[in-house]
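>
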Amino acid sequence: MTLAEHLVELRKRLIIAGIALVVGMVLAFFLTDAVIWAMTEPIRLVAERRGNDELVSLMYQNVTGPFDMRLRIAFAVGIIISAPVWLWQIWAFLVPGLTRKEIRYTIGFVAAAVPLFFAGCYVGWLVMPHIVEIMAGFTPEGASNMFEARYYYDFVFKLLVVIGVSFVLPVFLVALNLAGVMSGRAILGGWRVAILVAVVFAGLATPAADIVSMLLLAGILVVLFFAAAGLSMIFDRRRAKRDAAMLAQAPGSLS
């Protein structure tokens, strides 16, 4: 295909992905009530504990705030709903330029990365209420917790995305191993740095007062790192056996 044909194909894929996103946003808009109710569960728990709903509530600072929050949630959920369509469009655009071996690796990468991303988002969802409750616990007597809606939304979804992406990082290590960039032993050799990074990241992603959430997140990341290192060492062993077999079958090899 010429460059112009590639651009036409790219435009076609983008249009289809855009239509799917809009349809997903429309469907997601009707789910915003359930999403907002789930997001604000920690706020209700804090209000119940303090025994005064007027001191703990979600606050909108302008007239269009409620609609803006619903639109943001619809966009985020719409991306998730339309993911099969736009992922397929990206795949359909890239597949003609990939070899059969690269396609197989890509399918394996996507099959591992997507569940890990959602697993990370789920862990973030479990951690989020504890963060809100613990931070609200530092509010002095007589003061109020007025959570600004836009900031609260950004806090929740950024937390989910950051933890979700962190769960996918071990898959990149395996991908680098399959590409021949890093060996399994080299990955495993950096375990001290990996543990330090996991603990620092968990400490940044969770408040300092929430030790349990920090240890839980750091522990999961460390387990995923060692799983990636072990899987890479298995791949290295298989690759070495395959290379040895090919060398033995090569013409002129010593038997």
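Residues 656 to 910 in the working numbering are what the sequence shown lists, from first letter to last. Virtual Cβ for every residue (Gly too), placed ideally from N, Cα, C. Keep in mind that this is a model prediction, so the values were computed, not measured.
Given residue 665, which residues of its chain have a CB within under 7 Å of its CB, disregarding the five upstream and five downstream residues?
Working through the sequence shown from its first residue, we reach residue 665 at position 10. Around residue 665: 748.
> Under DSSP, the beta strand (DSSP E) around residue 802 begins and ends at which residues?
On the sequence shown, position 147 is the one that residue 802 refers to. Element bounds for residue 802: 800 to 803.
> Could I get the ranges of all uninterrupted alpha helix (DSSP H) runs contained in the region 841 to 884, with 4 residues as the minimum, in chain order?
Those alpha helix (DSSP H) runs which fall completely within the region 841 to 884 and span 4+ residues are 846 to 860.
> For residue 686, which residues of its own chain have a beta-carbon under 7 Å away from its beta-carbon, when the five flanking residues on both sides are left out?
Locating residue 686 in the sequence shown gives position 31, counting from the first residue. Once the five neighbours on either side are set aside, the close Cβ partners of residue 686 are 732.
> Any heavy atom of the ligand MN within a distance shorter than 7 Å of the CB on residue 716?
This structure simply doesn't include the ligand MN, nor any ligand for that matter.
> On the DSSP letters alone, give me the boundaries of the beta strand (DSSP E) that residue 714 sits inside.
In the sequence shown, residue 714 corresponds to position 59, counting from 1. It spans 711 to 714 - the beta strand (DSSP E) in which residue 714 sits, taken as one unbroken run.
> Using the C-alpha atoms, what's the distance from residue 659 back to residue 876?
On the sequence shown, position 221 is the one that residue 876 refers to. On the sequence shown, position 4 is the one that residue 659 refers to. So the two alpha carbons sit approximately 44 Å from each other.
> By how many angstroms is the C-alpha of residue 726 removed from the C-alpha of residue 684?
In the sequence shown, residue 684 corresponds to position 29, counting from 1. In the sequence shown, residue 726 corresponds to position 71, counting from 1. Between residue 684 and residue 726, the C-alpha separation is close to 7 Å.
> Applying the criterion that 16 or more other CB atoms from any shown protein chain within 10 Å of the CB defines a buried residue, is residue 676 buried or exposed?
Taking the first residue of the sequence shown as position 1, residue 676 is located at position 21. Residue environment for residue 676: buried (at least 16 other C-beta atoms within 10 angstroms of its C-beta).
> According to DSSP, is residue 794 helix, strand or coil?
In the sequence shown, residue 794 corresponds to position 139, counting from 1. In the structure shown, residue 794 sits in coil (DSSP, three-state: anything other than H, G, I, E or B).
> CB residue 854 to CB residue 873, shorter than 8 Å?
By 1-based counting over the sequence shown, the position of residue 854 is 199. By 1-based counting over the sequence shown, the position of residue 873 is 218. Against a cut-off of 8 Å, the Cβ pair of residue 873 and residue 854 comes out as a contact.
> For residue 879, which residues from the same chain have a beta carbon less than 7 Å from its beta carbon, with the 5 sequence-adjacent residues on both sides left out?
Here residue 879 is taken as the residue at index 224 of the sequence shown, counted from 1. For residue 879, where only same-chain residues beyond five positions count, the Cβ hits under 7 Å are 822 and 825.
> Going straight from the alpha carbon of residue 798 to that of residue 714, what length do you get?
By one-based count along the sequence shown, residue 798 stands at place 143. By one-based count along the sequence shown, residue 714 stands at place 59. Taking the straight line from one Cα to the other gives about 15 Å.
> In the structure shown, what three-state DSSP assignment does residue 669 receive?
As a first step, residue 669 is located in the sequence shown; it is residue number 14 there, counting from the start. Helix.
> In or out: residue 819 buried (at least 16 other Cβ within 10 Å) or exposed?
Against the sequence shown, residue 819 aligns to sequence position 164. By the C-beta density criterion, residue 819 is buried, having at least 16 other C-beta atoms within 10 angstroms.
> Let's test the definition: count the other Cβ atoms within 10 Å of the Cβ of residue 729 and tell me whether it reaches 16, buried, or not, exposed.
In the sequence shown, counting from the first residue as 1, residue 729 sits at position 74. It is buried - the Cβ of residue 729 has at least 16 other Cβ atoms within 10 Å.
> Please state whether DSSP places residue 910 in a helix, a strand or coil.
Locating residue 910 in the sequence shown gives position 255, counting from the first residue. In this prediction, residue 910 has a pLDDT of 49, which is less than 50 and means its spatial position is unreliable; nothing more can be read from the coordinates.
> Tell me, please, whether the region 687 to 700 touches the region 733 to 744 by the rule of three or more beta-carbon pairs shorter than 8 Å.
no
> Give me the Cα-Cα distance between residue 795 and residue 844, rounded to the nearest whole angstrom.
Within the sequence shown, residue 795 is the residue found at index 140, counting from 1. Within the sequence shown, residue 844 is the residue found at index 189, counting from 1. One Cα belongs to residue 795, the other to residue 844, and the distance between them is close to 47 Å.
> Excluding the 5 residues preceding and the 5 following residue 804 in the sequence, name in chain order all residues of the same chain whose CB lies nearer than 6 Å to its CB.
Locating residue 804 in the sequence shown gives position 149, counting from the first residue. If we look at residue 804 and ignore the five residues flanking it on each side, its Cβ neighbours are 713, 715, 720 and 724.
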